[in-house]
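Participant: First the structure, then my questions, so here it is.
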Amino acid sequence: MEHDNRVKVWDSFVRIFHWSLVTAFVVAYVTEEDVLSVHTLAGYIVFGLIILRLIWGFIGTPHARFTDFTYSPSSIRTFLTDTLYLRAKRYLGHNPAGGAMIFLLLASLLMTLFSGIAVYGAENNGPLAALLGGSGEFIKEALEEAHEFFANFTLLLVFIHIGGVVVESLIHRENLPASMVHGYKRVEEEDQV
Ligand code: HEM
Numbered sequence: 056m057e058h059d060n061r062v063k064v065w066d067s068f069v070r071i072f073h074w075s076l077v078t079a080f081v082v083a084y085v086t087e088e089d090v091l092s093v094h095t096l097a098g099y100i101v102f103g104l105i106i107l108r109l110i111w112g113f114i115g116t117p118h119a120r121f122t123d124f125t126y127s128p129s130s131i132r133t134f135l136t137d138t139l140y141l142r143a144k145r146y147l148g149h150n151p152a153g154g155a156m157i158f159l160l161l162a163s164l165l166m167t168l169f170s171g172i173a174v175y176g177a178e179n180n181g182p183l184a185a186l187l188g189g190s191g192e193f194i195k196e197a198l199e200e201a202h203e204f205f206a207n208f209t210l211l212l213v214f215i216h217i218g219g220v221v222v223e224s225l226i227h228r229e230n231l232p233a234s235m236v237h238g239y240k241r242v243e244e245e246d247q248v
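Per this note's numbering, residue 56 is the first one in the sequence shown, and the count goes up by one each step.
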């Protein structure tokens, strides 16, 4: 029976976190500075989500923990090479490349957030207003450049992330985005649940 062959991999926190992050990131990206309050609010929501995810990475369910998807550089290389030959091993939790991508995404999102809060501070707003308010044009522009760079770098990572999800879904004939919605994945004999 289909139901008996499935196991819950992504807990509800991870799933709500993921789709809230996607929504807030897209809103923040498309609003840029045009609608400043919406952009800032979306940014703060991303910030809150990332903080919660960092905590969940230590205390969450088994596949949500950082230790579950921290792999050595050589196993990431092997996994990527195997993917090129369409023979990548299937993982119940995040695979080595997916795990590395999560750390990259979280780091790049944090850099985007810190630089964004710094720009906001240089404009005399937000928690860094006291520190950065009254900065000269040069500093303000440098911070804006940094913020834009990290936002675009995050977007590049997102495209690679989505590409990886599509490729692994095809190789293993399973719908990974759907698993991120309902939380279940099919169990195969070699899986350690
Ligand atoms: C429509 C677009 C997207 C789809 C279909 C998608 C799909 C997925 C899937 C299937 C996973 C689980 C991967 C696995 O099976 O190992 C995942 C994980 C993840 N994705 Fe996405 N993703 C999308 C957009 C994004 C965006 C825009 C971000 C960040 C801005 C993002 C950040 C993450 C993170 C951080 C995880 C790790 C989840 C966790 O363990 O908490 N994703 N995504």
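By construction, the Cβ of each residue, glycine as well, lies at the ideal position given by its N, Cα and C atoms.
Note the first and the last residue of the continuous beta strand (DSSP E) segment covering residue 240.
Facilitator: Element bounds for residue 240: 239 to 241.
Participant: By the three-class DSSP mapping on this structure, what secondary structure does residue 228 have?
Facilitator: The answer is coil: DSSP assigns residue 228 none of H, G, I, E or B.
Participant: In terms of DSSP beta bridges, what is residue 108 paired with?
Facilitator: Looking at the DSSP assignment, residue 108 forms no beta bridge with any residue, so it has no partner.
Participant: Per DSSP, residue 63 forms a beta bridge with which residues?
Facilitator: Bridge partners of residue 63: 239.
Participant: Determine the extent of the alpha helix (DSSP H) in which residue 139 is found, giving its start and end residues.
Facilitator: 128 to 139 is the span of the alpha helix (DSSP H), which, as asked, contains residue 139.
Participant: If we ignore side chains and look at the alpha-carbon of each, how far apart do residue 167 and residue 194 end up?
Facilitator: So the two alpha carbons sit approximately 16 Å from each other.
Participant: Shortest alpha-carbon distance to residue 180 belongs to which of 223, 96, 204 and 86?
Facilitator: Residue 180 has its Cα closest to that of 96, out of 223, 96, 204 and 86.
Participant: Below 8 Å on the Cβ atoms is my contact criterion, and I expect residue 163 with residue 209 to pass it. Report the Cβ-Cβ distance as a whole number of Å.
Facilitator: Right, the Cβ-Cβ distance comes to about 4 Å (below 8 Å), so this counts as a contact.
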